[in-house]
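Contents: one structure, followed by commentary.
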Amino acid sequence: MTTQQPPLAFESVANAPLSAAMGAGAVVLVLPCKERVEESAMRATHVRGTIHRSNLCNGSCDDLAHVGGRNGVHVLEAGKMSHQSGITGTPELEEQLSALFNSDSIRLLKVAIVDEKLVPASTAPVGGDWEHDYDKTVLPQLEDKQPCYIFYRLDSQNSYGYEYIFIMWSPDFAHVRQKMVYASTRSTLKTIFGLQHIKDELFGTVKVDVSLAGYNKHLDSEAAPPPLTNEEIEKAEIRSHETGVHIGASTKKAIATGVSFPLTDDAVDAVGKLQKGAITYVQLALDLKQEIVTLAVGETVDAHAIAGTIPDDQARYHVFNYKHDHEGEALQSLVFVYSCPGYKCGVKERMLYSSCKGPLISTLEQDFGLEFVKKMEIGESSEFTRDWLYDQLHPAVTVAKAKFDRPKKPGKGGRRLLRSSDISTGEGEEDAS
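When we follow this note's numbering, the leftmost residue of the sequence shown carries the number 129, and every step to the right adds one.
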């Protein structure tokens, strides 16, 4: 049974004071990495933060929190820095940022902390596109033992101007105090620069992390889907093989998108002629083997002649421009009729015709601009008559007759009010009797 070591009061690691970079109550984690840290390396002299130790750190520390690594020790913030260092920018930095935003010839700006002030360190000119200039301008700015900030300008722009990559360089062999100071000043510099200009952020402890290859890996990891369990992967594969049917506890119903078959050239031409008024009737059929919508009839016919073109043992779709008079006004009503002769056709045919009806109507309305006044269904061809069409478009209005109200029974009415003259003459007594 192992005993957990208690938190240690701590102010310095390897003779590097942390009080300048840590606020009161800041929590810092010291993790021995690879080699065990000797007790002499940690001097508990003044309580400024609480130190927790673990047995191993493989170096894969949080980029935002990692601020150590000297003498086999990783110093980590507990999350982000809860206190800023208080370091601000100089007027020279503001002038350089103004020149950077107003110039098209500056590719890179390096910022360093000197005498507890943010100052511009160096710049690099534009030589080509941003990918061509990246490694040539960024990598030479990196020192093995000195952290820094780099703003690298991309070729893309937003509404505020050019977009930039904000790079924080914190090498493993840099002094611990410097890492703490740079980590606690990071947010301040981003605010001075302007968050609206920063497209991506990159952190690195070795040059490979902030090279062009490292930036591309960063973009790939950002675009990658989140990790899934085996159960989630199986569910995703099942959903990908489903045909648009969704059943859930919240919906309480199944929603199917239907089956869409393409129209042949003859069917497209016939529908186009009907739209232009060259013909009045188009009958469409399904080719179940080729899974296409074919033209069965396309001509100008009267309403009473359509029934003779409808087969008694097969389903069909009908688009008819019905010209008629109603209350002295000449009308043209475009209707869609689906005919299916019940069990005289096969089960597969009935299912396909029923599934294709909705997508076909959507195609006729959206692709050809047809506006149907009414959509109807019939079973037998004999139902398709002129009178049936007229009744469907103009149903008879039923006028409700007023019912005869029976008189109320005597004594069931309301209470009578008698005038004073009626009482004096005795009419009230006669009424009461």
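Note that the Cβ used here is the ideal one computed from N, Cα and C, for glycine as well.
About 56 Å separates the beta carbon of residue 484 from that of residue 331, a gap too long to meet the 8 Å contact definition.
If only uninterrupted beta strand (DSSP E) runs of at least 3 residues are considered, those enclosed by the segment 274-306 are 276-286, 289-297. Residue 236 carries a strand assignment under DSSP once its states are collapsed to helix, strand and coil. A distance below 7 Å between beta-carbons, with the five flanking residues on each side excluded, links residue 317 to the following residues of its chain, in chain order: 239, 246, 277.
The beta-carbon separation of residue 503 and residue 464, rounded to 5 Å, stays under the 8 Å limit for a contact. About 6 Å separates the CB atoms of residue 270 and residue 335; that is less than 8 Å, so the two are in contact. Residue 367 sits in a helix when the DSSP states are folded into three classes. Annotation for residue 249: the continuous beta strand (DSSP E) segment containing it runs 245-253.
Nearest in C-alpha terms to residue 243, of all of 453, 340, 523, 218, is 218.
Residue 521 has its alpha-carbon roughly 23 Å from the corresponding atom of residue 482. The C-beta distance from residue 467 to residue 506 rounds to 5 Å, short enough to meet the 8 Å contact threshold.
Contact fails between the segment 391-409 and the segment 472-482, because fewer than three Cβ pairs, one in each stretch, are under 8 Å apart.
Note: residue 420 is bridge-paired with 415 in the DSSP secondary-structure output.
Boundaries for residue 467: no alpha helix (DSSP H) harbours it, while the beta strand (DSSP E) harbouring it runs 457-467, taken from the DSSP string. CA-to-CA, the gap between residue 368 and residue 353 works out to about 16 Å. Take residue 395, set aside five residues on each side of it, and the residues of its chain with a beta-carbon closer than 7 Å to its own are 412, 421, 422, 423, in chain order.
Taking C-alpha positions only, residue 524 is separated from residue 455 by approximately 12 Å.
Residue 331: member of the beta strand (DSSP E) spanning 326-332, first to last residue.
Annotation for residue 534: no alpha helix (DSSP H) segment contains it, and DSSP assigns it neither H nor E.
Separation of residue 470 and residue 391 (C-alpha to C-alpha, rounded to the nearest whole angstrom) is 25 Å. It is roughly 9 Å from the alpha-carbon of residue 285 to the alpha-carbon of residue 292. Non-local beta-carbon contacts of residue 517 in its own chain, meaning distances under 6 Å to residues more than five positions away in sequence, involve 431, 450 in chain order. Between residue 221 and residue 248, the beta carbon gap of about 5 Å places them in contact (Cβ cut-off 8 Å).
For residue 337, no pairing in a beta bridge is given by DSSP. For residue 453, the secondary structure class from DSSP, reduced to helix, strand or coil, is strand. In the same chain as residue 339, and ignoring 5 residues on each side of it, the C-beta atoms closer than 8 Å to its own belong to 262, 263, 266, 267, in chain order. Residue 427 sits in a strand when the DSSP states are folded into three classes.
Between residue 515 and residue 534, the alpha-carbon positions lie close to 41 Å from each other. The secondary-structure analysis by DSSP pairs residue 409 across a beta bridge with 427, 448. A Cβ-Cβ contact shorter than 8 Å links residue 213 with residue 313. Assignment of residue 214 by DSSP, reduced to helix, strand and coil, places it in the coil class. Rounded to whole angstroms, the gap between the alpha carbons of residue 228 and residue 237 is 8 Å.
Contact between residue 275 and residue 327 is absent: CB atoms are separated by about 22 Å, not below the 8 Å threshold. Spanning the alpha carbons of residue 305 and residue 250 requires a straight line of approximately 23 Å. The Cβ atoms of residue 399 and residue 496 lie closer than 8 Å to each other. In the DSSP assignment, residue 506 falls outside any alpha helix (DSSP H) and within the unbroken beta strand (DSSP E) covering 502-506.
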